[in-house]
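Presented below is the structure to which this report refers.
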């Protein structure tokens, strides 16, 4: 029997391996943010909003996205995401709260595989 747990940020039951993958993605993204923005790594949590909580400005965020793209071998569609937020199609939390951003990164990685 596989170990399962509820993963509230994704809204479904997930295997232990899924939880490990999400955690690994978060750890890498948090490290990138800390290094790029000179933010104390200990203050970065899955619930952190990159703009509202961490105070990351647009230039730093572009550097972070570039580093994430390079680390994971993906291309974050930042222009599309920004447009969706500006048009009110989604809230900023959809893309800019770290647990959600990490889930989007995992989706982009899976689509590329």
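Numbering (full-length UniProt numbering), first residue to last: 1 to 113.
We put the CB at the ideal spot given by N, CA and C, even for glycine.
Check whether residue i and residue j have beta carbons under 8 Å apart
i	j	result
residue 112	residue 73	yes
residue 100	residue 93	yes
residue 50	residue 98	yes
residue 44	residue 56	no
residue 41	residue 52	no
residue 68	residue 29	yes
For residue i, the three-state DSSP class (helix, strand or coil)
i	result
residue 29	helix
residue 90	coil
Range of the contiguous alpha helix (DSSP H) that encloses residue i
i	result
residue 64	58–72
residue 108	98–112
Nearest-angstrom Cβ-Cβ length linking residue i and residue j, presumed shorter than 8 Å
i	j	result
residue 54	residue 64	The Cβ separation is near 10 Å, so there is no contact.
residue 46	residue 61	18 Å between Cβ atoms; not a contact.
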